[in-house]
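When you number the sequence shown by the numbering used here, it's gap-free, plus one each residue, and the end is 501.
Here the structure is laid out as structure tokens; the discussion comes afterwards.
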Amino acid sequence: MRRPFPIAPMASCFALAGFAIAIVSGLSGGAEAIGVLQGAILAMVICYIVAMVLGKGCATIVREHLERYSEERPLGAPPLETADALPFDTSPPTIEESAPSAPEAEAA
394 MRRPFPIAPM
404 ASCFALAGFA
414 IAIVSGLSGG
424 AEAIGVLQGA
434 ILAMVICYIV
444 AMVLGKGCAT
454 IVREHLERYS
464 EERPLGAPPL
474 ETADALPFDT
484 SPPTIEESAP
494 SAPEAEAA
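Written out as structure tokens, the structure reads:
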């Protein structure tokens with residue numbers, strides 16, 4: 394069963410945030426209340442439309458990724474051996490005990 398992505402609630406929250414920002418910025422700028430309200434409503438509509446379009450696009454991308462992931466890794470299949478597929482050596486480095494010795498003091 395596929396769970397739907399909550400696109401409309403997220404778009405509504407984004408629109409409400411745009412409305413609130415427009416109200417605060419308009420009133421702090423000293424504009425008339427009717428102009429601030431009209432601009433805030435316009436900002437809310439634009440933010441809702443933008444969020445719906447972006448939300449549907451993101452939902453499509455995530456859904457396609459999940460479908461591809463579940464096709465590549467079905468349930469019950471053994472885990473992928475990624476260490477063998479790496480193009481470089483993954484073994485831990487070894488420290489060689491070949492440090493240069495201190496010069497011996499010559500006896501006079």
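Just so you know, even glycine gets a beta-carbon here, dropped at the ideal spot from N, CA and C.
On a predicted model such as this, the values are computed, not experimentally measured, just so you know.
Could you tell me if residue i is buried or exposed, where buried requires 16 or more neighbouring beta carbons within 10 angstroms of its beta carbon?
| i | result |
| --- | --- |
| residue 492 | Here residue 492 scores only 49 on pLDDT, less than 50, and its place in the model should not be relied on; the value that follows carries that caveat. Exposed is the call here. |
| residue 501 | Residue placement at residue 501 is poorly supported in this model, since its pLDDT is 48, which falls under 50; the coordinates are not used for a value here. |
| residue 462 | exposed |
Nearest by alpha-carbon distance to residue i: which of the options is it?
| i | options | result |
| --- | --- | --- |
| residue 416 | 431, 406, 403, 405 | 431 |
| residue 395 | 466, 424, 450, 456 | 456 |
| residue 406 | 448, 468, 422 | 448 |
| residue 439 | 398, 404, 464 | 404 |
How about residue i and residue j: are their beta carbons less than 8 Å apart?
| i | j | result |
| --- | --- | --- |
| residue 411 | residue 452 | no |
| residue 408 | residue 444 | yes |
Here's a check: name, in chain order, each residue in its chain whose Cβ is nearer than 8 Å to the Cβ of residue i, leaving out the five neighbours to either side.
| i | result |
| --- | --- |
| residue 420 | 426, 429 |
| residue 414 | 436 |
Excluding the 5 residues flanking residue i on each side, which residues of the same chain have their C-beta closer than 6 Å to its C-beta?
| i | result |
| --- | --- |
| residue 418 | none |
So, for residue i: in the same chain, excluding its five sequence neighbours on each side, which residues have a beta-carbon less than 7 Å away from its beta-carbon?
| i | result |
| --- | --- |
| residue 458 | none |
| residue 400 | 445, 448, 449, 452 |
Quick one: does the C-beta of residue i sit closer than 7 Å to a heavy atom of the ligand ZN?
| i | result |
| --- | --- |
| residue 434 | This structure lacks the ligand ZN, and indeed carries no ligand of any kind. |
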